[in-house]
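Protein chains in written order, with our numbering: chain A, 1 to 290; chain B, 1001 to 1448.
Reading through the structure tokens given below for one structure.
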């Protein structure tokens, strides 16, 4: 009696387990298939976006070669360097801004601290590109919307408002014990020294997290880039370039190159993302392991 | 009225001659009270401001109420024998400069108040024999007591220039008739609340579209948030089950999709689901469907497709979040439940669900507001379409994508600005109520 029940229970558990694993396998398949599709398309020998089979009829690396050598219509290498320059500058400025603001919000007490936090919250609720047109006119007033100045414009656009996104880093600084600061103050350190010599060295995970998020930003934004670059093709970033490859006039010849470009952009970002995830988790766990 | 000890009114009524003088000659009070360099600096700023106002500012402000009225015209120049163009007014620039001058003036007034109260404070300190900082000490304090000034100036300047001024500018646009309609792109006027009335009026063309878009925005945000949340949670639970094998592999499969930039995966989906795209072709080749499925051309299909694809995007995020939380649920809770004879279903509803809900409420709120503003998913997948003839908003447009279309594509700037303001209103109702009640805001100090 007892044994029979056990066998029955065991059988049911096995059944549930098999069911769960089949279900997970189906889901995993659904999630991975579009990514496999991009990779396969980037290696596809036949041109055009309309295909009748899942697997390419023949494989080739020509798409990657065309992407980097055929620079008459869409200059991908140039877009890549543009984006790289913009991303590096953006991440330097943003990191400085975010860290300074977060430190002030977390460690210092001054009159406009609460008002600033409330203001920041209100400002982030406005849809970002509601102000896009106005930003464009402001940049134009500073003569930053022609030629190479467009790069500076984009750097400014991506980094100028980063002081609003201080929540995560502030949360991290909050976990650094205040007693460390107090000890340093007694030893005669200034607040500036505490910031640069104590807080920053203790905050590796959150600094890396901030650097990576702000570095990735310019690679994946194309709305601001589109409005500010307009028709200046030599200033395009990767995101606009890839978007253009799918427009009616290019899609037939460039579809497979688009896939190649997507792979080229995705690989470094995916790697950075994995790092970021690691440091994000560490950052969330706090500065001093309890 | 209560007079603040170090306020402006106190300075003006109870301050000495030098302090009172600094109401007109700024910095006089500072200079008289042992802060000469600072006083001079403030005075120089005052002179610069006055010069700026005389040269440019006043004319900018004077144009603001009328927003300019002279068109660019061709004038025959007798001497040279050519047509010359007169510089016509450009309302948009008048408005922008006007707003900028107003912001500069506001900053100047703040400075005026600061230097007055500062000077009064110095006066008091000197009287009471308290030490007063000289200029060098003041500079040194930028690294210590006043380090927030050093650290925050640049970030705040950035926010002012690239967020506050543009926002004020756009908000003021909502009260004008700046639009392609009736050719008001160069010269336009103030129209008061007309645009708001137009957007809210259900019978008008714009108003009808607005209510449709608003309804869909809320439906979308609701489904996108809660479906993602529930399914992500189920997925996390399935992977976290004790009997599930190769947990790391399953997680990797799902996280892979987060690591690919969103615009890439969205564009790929958009192409795959075209009438001639891979999905339709393969379905037809397999004989499952006889004609192409209208993924983007039928309103209902498009809406469902977008919500489903958003699941593909969103579930891994929820899974990541929930996995961390699940691992933190104290194990003794489960043991106690087991001792009391609770089955898996009861444990889920009595322990797992309440615990995760408690921890993830802020995450739910942010993802709800995030979805209201979810530009990428809509714009890259359906482009807001399908759009009926005569409409500016498509059937899947959110407020935010409609705003983009109205301003960038259609140049209906005034209506766009109104939509932006309404989006803000919707968002702030959701966010302020919930955020201000959340523990992290109220108990900020307790955390330390």
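Yeah, the Cβ is synthetic: ideal placement off N, Cα and C, and Gly gets one too.
In this structure, residue 1100 of chain B lies away from residue 130 of chain A, with their beta-carbon atoms at least 9 Å apart.
Within the segment 1113-1190 of chain B, the runs of alpha helix (DSSP H) at least 4 residues long that lie entirely inside it are, in chain order, 1135-1141, 1147-1159, 1165-1173. At the C-beta level, residue 1209 of chain B and residue 1122 of chain B stay beyond 9 Å of one another. Taken atom to atom, the span from the alpha-carbon of residue 1248 of chain B to that of residue 23 of chain A is near 16 Å. Leaving aside the five residues that flank residue 102 of chain A on each side, the residues in its chain whose CB is nearer than 7 Å to its CB run, in chain order, 166, 169, 170, 173. As computed with DSSP, residue 1074 of chain B is found in a beta bridge with B/1085.
Counting only the Cα atoms, residue 81 of chain A lies some 42 Å from residue 1432 of chain B. When C-alpha distances from residue 1295 of chain B are compared across B/1277, B/1311, B/1216, the shortest belongs to B/1277. Boundaries cannot be given for residue 57 of chain A, as no alpha helix (DSSP H) includes it and DSSP labels it neither H nor E.
Residue environment analysis places residue 1027 of chain B among the buried positions, since at least 16 neighbouring C-beta atoms fall within 10 angstroms of its C-beta. Each of A/251, A/245, A/204 was checked against the Cα of residue 283 of chain A, and the nearest Cα belongs to A/204. Around residue 1197 of chain B, the same chain offers no residue with a beta carbon nearer than 8 Å, after the five sequence neighbours per side are excluded. For residue 17 of chain A, the chain B residues whose Cβ falls inside 9 Å of its Cβ are 1241, 1243, 1244, 1245, in order along the chain.
The C-beta of residue 1113 of chain B comes no closer than 9 Å to any C-beta of chain A.
Using beta-carbon distances, residue 1156 of chain B counts as an interface residue toward chain A, with a partner under 9 Å.
Against chain A, a Cβ distance below 9 Å from residue 1175 of chain B picks out nothing, because the smallest value is about 15 Å. Judged by DSSP in its simplified three-state form, residue 107 of chain A adopts helix. Residues of chain B whose Cβ lies closer than 8 Å to the Cβ of residue 125 of chain A are, in chain order, 1369, 1424, 1427, 1428, 1431. A direct Cα-Cα distance of roughly 19 Å separates residue 1045 of chain B from residue 1008 of chain B. Chain A places a beta carbon closer than 9 Å to that of residue 1261 of chain B, counting this residue as a contact. Scanning chain B for C-beta atoms nearer than 9 Å to the C-beta of residue 89 of chain A yields nothing, as the closest lies near 14 Å away. For a Cβ distance threshold of 7 Å, residue set 1162, 1166 of chain B lies close to residue 135 of chain A, ordered along the chain. Sequence-distant partners of residue 18 of chain A (beyond 5 residues in either direction) whose C-beta falls short of 7 Å from its own C-beta are missing from its chain. At least one CB atom of chain B sits nearer than 9 Å to the CB of residue 54 of chain A. Here DSSP, grouped into helix, strand and coil, assigns residue 44 of chain A to strand.
For residue 1257 of chain B, at least one C-beta of chain A is nearer than 9 Å to its own C-beta.
Note that the C-beta distance between residue 1309 of chain B and residue 1266 of chain B is below 9 Å.
Using a Cβ-Cβ cut-off of 9 Å, residue 31 of chain A is close to 1253, 1254, 1256, 1257, 1312, 1315, 1316 of chain B, given in chain order. Between residue 214 of chain A and chain B, the shortest Cβ-Cβ separation is not below 9 Å. A distance below 8 Å between beta-carbons, with the five flanking residues on each side excluded, links residue 1403 of chain B to the following residues of its chain, in chain order: 1416, 1419, 1420, 1423. Considering only B/1214, B/1190, B/1024, the residue with the shortest C-alpha distance to residue 1200 of chain B is B/1214.
By the CB criterion at 9 Å, residue 1091 of chain B and residue 1188 of chain B fall inside the cutoff. When DSSP states are grouped into helix, strand and coil, residue 34 of chain A belongs to the helix group.
Assigned with DSSP and collapsed to three states, residue 1204 of chain B falls in coil, not helix or strand. If you draw a straight line from the Cα of residue 186 of chain A to the Cα of residue 111 of chain A, it comes to about 24 Å.
Proximity to residue 222 of chain A across A/232, A/241, A/208, A/206 peaks at A/241, based on C-alpha coordinates.
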